[in-house]
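Trainee: To start, I am sharing the structure in question, which I have written as structure tokens.
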Amino acid sequence: MIDYHFDWSVISRNSGRFAEALGLGLGLAVLSLAIGCALGLACAYARLSGKPWLAWPVRGYVELIRCTPLLLLIFFIYFGLPELGLYGMDKFQSFVLTLSLYAGAYMCEVFRAGLASIPKQYVEAAKAIGLRPWQRQRWVVLPVMIRITLPSISNNLISLFKDTSLAAAIAIPELTFTARQINANTFRVMEVWLTASALYLATAWLLAALLRRVERRYASIR
Amino acid sequence: MDLQPGDFLFELWQARFSLWAGIVATVSSSALTILASTLCGTLLGLVLAYGGPIARALARLYVDVLRGIPVLVLILFTYYGLALFGINVPAFWAGVIALSAFATAHVAETLRGAVESVPAGQMEAAKAIGLRFPQRLRDVILPQALRRMLPPWVNTGLEVVKGTTLLSVIGVVELLLASQQVMARNYLIIDFYLTAGAFYLVINAAIAQLGAALERRFSYLRY
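Structure follows, in structure tokens:
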């Protein structure tokens, strides 16, 4: 065993930066999940619409995104879109766009499965009491579907939070980027990376525990 | 047809060796990772399912910790951390080690789920006919569990291929970094990102096909 002297003062000196970076990562994840959910829901309805001209492009989008490495998508949108004439996005907007597109593909599959798992009788009952199509969706199908898919949504949030570490590749100062920078400046390798790992881990576990409470709270319909 | 420098096809031909080296690095790091994580993950999964309380708690800790940390952090930690302990491995191996450690956790969890999904009656029947534990495992439980494990195992394989792009961050010239180096020469950013994406699609589609073939091959193990 090599003798390595831990010097945790580097962490306390930079605690503000770590906290900011963690908050930024969480913010990016939540924002992307929100946009991704909206996108995914629209895509799920398109997939189930029964119209091939709607369903097939969505299928292509989902498969394409799921088979492409996220880092490649990040670079493609950050460096590639300006080449195609889409200027004016800063790195944060570009990253949120990428992560939202990425989340949208996964959420599409989640919502599609959720919508498909709703018993037909619910819709028939809603028809029988005279609800219009959009009312049936709004008051019957969606509330049940959200409860069914809540565990998948929370899993996605946690994995998106971990995926925000890739934002380091385009110099967004989130946790991984910050840790790398502090590591490069101070070369306190163990302290910096143990702290970063612990922060990710603690946040992921906290999120999981929190979301499990939410799931239990809303698990009334089964 | 005469191609000019600056044409995509001309530049693609010029870059063929760089891109090929990138593909080789991507495929070999993925293959090594999948191999190592399947072996270690199976062992760890068996510990999770059948180990004593202490071994099981340690395995559970490993799995939960590794699944809670982003792969990129694991890779950077391994890369900088190993050097600190005087282990000077090339970036390629640091990346493979980190990816394998990560994928091992996933395979272990998958195997545990698969083993526990085999009906308890199978284990009891195997006990009743007098098989010892290794025999029960080898001849009764694992054949059924491995069949159930195939789809998520293939998914882990796809995740690993996608995860190898992260090795570019520590300077391994795999497909993504190789493409970016080509782009740095010819500025055909869109074309070469799309090319890299297409290669990833092909690699992943091949793995998915292989997985589907394996599933068909072992579909008789249904009950």
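Protein chains in written order, with the working numbering: chain A, -9 to 212; chain B, 4 to 226.
No residue lacks a Cβ here, since even glycine has one placed at the ideal position from N, Cα and C.
Suppose the cutoff is 6 Å on Cβ atoms and the five residues either side in sequence are ignored; what does the same chain contact list for A39/B look like?
Mentor: Closer than 6 Å at the Cβ level, and outside the excluded window around A39/B, lie S103.
Trainee: Check whether the segment 188 to 203 of chain A and the segment 72 to 82 of chain B are in contact - that is, three or more C-beta pairs closer than 8 Å.
Mentor: yes
Trainee: Should V52/A be listed as close to the ligand HEM, given that the test is whether its C-beta is under 7 Å from any heavy atom?
Mentor: This structure does not include the ligand HEM; it has no bound ligands of any sort.
Trainee: Could you work out which residue in L87/A, I143/A, L91/A, E114/A is closest to A221/A when comparing CA atoms only?
Mentor: Since the first residue shown for chain A is -9 and the last is 212, residue 221/A is missing from the structure and cannot be characterised.
Trainee: Starting from the beta carbon of A199/B, find every residue of chain A whose beta carbon is closer than 7 Å, and list them in chain order.
Mentor: L62
Trainee: What are the residues that DSSP puts in a beta bridge with P8/B?
Mentor: D10/B
Trainee: With the cut-off set at 8 Å, would you say L54/A and I67/A are in Cβ contact?
Mentor: no
Trainee: Can you check whether the CB of I210/B is closer than 8 Å to the CB of V30/B?
Mentor: no
Trainee: Going by alpha carbons, who is nearest to D67/B out of T167/B, L169/B, P56/B, L51/B?
Mentor: L51/B
Trainee: Check whether chain B comes within 8 Å of K152/A, counting only Cβ atoms and requiring the distance to be less than that.
Mentor: Taking Cβ atoms only, chain B reaches closer than 8 Å to K152/A, which makes this a yes.
Trainee: Tell me whether I90/B is buried or exposed, calling it buried when 16 or more other Cβ atoms sit within 10 Å of its Cβ.
Mentor: exposed
Trainee: So the candidates are I173/B, F80/B, P8/B, A117/B; which of them puts its Cα closest to the Cα of P155/B?
Mentor: A117/B
Trainee: Here's a check: name, in chain order, each residue in its chain whose Cβ is nearer than 8 Å to the Cβ of L69/B, leaving out the five neighbours to either side.
Mentor: Hits under 8 Å: L77, A104, F105, T107, A108.
Trainee: Beta-carbon separation of L63/A and A199/B under 8 Å?
Mentor: no
Trainee: What are the boundary residues of the alpha helix (DSSP H) that A135/B is part of?
Mentor: Reading off the sequence, residue 135/B comes out as Arg, not Ala. That residue, R135/B, is in no alpha helix (DSSP H); it is neither H nor E in DSSP.
Trainee: Does the beta carbon of A73/B come closer than 8 Å to any beta carbon on chain A?
Mentor: What sits at residue 73/B in the sequence shown is Pro, not Ala. Yes, because at least one Cβ of chain A sits closer than 8 Å to the Cβ of P73/B.
Trainee: Tell me whether V48/A is buried or exposed, calling it buried when 16 or more other Cβ atoms sit within 10 Å of its Cβ.
Mentor: buried
Trainee: Any beta carbon from chain A within less than 8 Å of L213/B's own beta carbon?
Mentor: no
Trainee: Check whether the Cβ atoms of G6/A and M97/A sit closer than 8 Å, and answer yes or no.
Mentor: no
Trainee: Could you tell me the boundaries of the alpha helix (DSSP H) in which L85/B lies?
Mentor: Unbroken alpha helix (DSSP H) run through L85/B: 74 to 87.
Trainee: In chain order, what residues of the same chain have a beta carbon less than 6 Å from the beta carbon of G84/B, not counting five sequence neighbours either side?
Mentor: none
Trainee: CA-CA distance, G48/B and L114/B?
Mentor: 5 Å
Trainee: Going along the chain, which residues of the segment 69 to 81 of chain A sit with their C-beta nearer than 8 Å to a C-beta in chain B?
Mentor: F69, G70, E73, L74
Trainee: In angstroms, rounded to a whole number, what distance separates the CA positions of V172/B and W96/B?
Mentor: 14 Å
Trainee: By the 10 Å Cβ neighbour count, where 16 or more other Cβ atoms means buried, how is W183/A classified, buried or exposed?
Mentor: buried
Trainee: In angstroms, rounded to a whole number, what distance separates the CA positions of L150/A and P163/A?
Mentor: Roughly 16 Å separates the two Cα atoms.
Trainee: Among V134/A, V0/A, P72/A, whose alpha-carbon lies nearest the alpha-carbon of Q111/A?
Mentor: Of the candidates V134/A, V0/A, P72/A, the residue whose Cα lies closest to the Cα of Q111/A is V134/A.
Trainee: Considering only C-alpha positions, which residue in the set L6/B, R19/B, F88/B is nearest to S182/B?
Mentor: R19/B
Trainee: Once DSSP output is grouped into helix, strand and coil, what is the label at Y223/B?
Mentor: Of the three classes helix, strand and coil, the one that applies to Y223/B here is coil, per DSSP.
Trainee: Between E10/A, F85/A, L121/A, R170/A, which lies nearest to Y82/B when the distance is taken from Cα to Cα?
Mentor: R170/A
Trainee: Within this structure, are the beta carbons of C33/A and V20/A separated by less than 8 Å?
Mentor: No, the Cβ-Cβ distance between C33/A and V20/A is not below 8 Å.
Trainee: Let's test the definition: count the other Cβ atoms within 10 Å of the Cβ of F101/A and tell me whether it reaches 16, buried, or not, exposed.
Mentor: buried
Trainee: Just to confirm, are Q184/B and S21/B a CB contact at a threshold of 8 Å?
Mentor: Their beta carbons are under 8 Å apart, which means Q184/B touches S21/B by this criterion.
Trainee: For the segment 87 to 144 of chain A, list the alpha helix (DSSP H) runs that are entirely contained and at least 4 residues long, ordered along the chain.
Mentor: 110 to 118, 123 to 126
Trainee: In angstroms with no decimal places, state the Cα-to-Cα distance between V204/A and V163/B.
Mentor: 32 Å
Trainee: Closer than 9 Å by beta-carbon distance: list the chain A residues that pair up with Y223/B, in chain order.
Mentor: In chain order: nothing, as chain A lies at least about 28 Å away.
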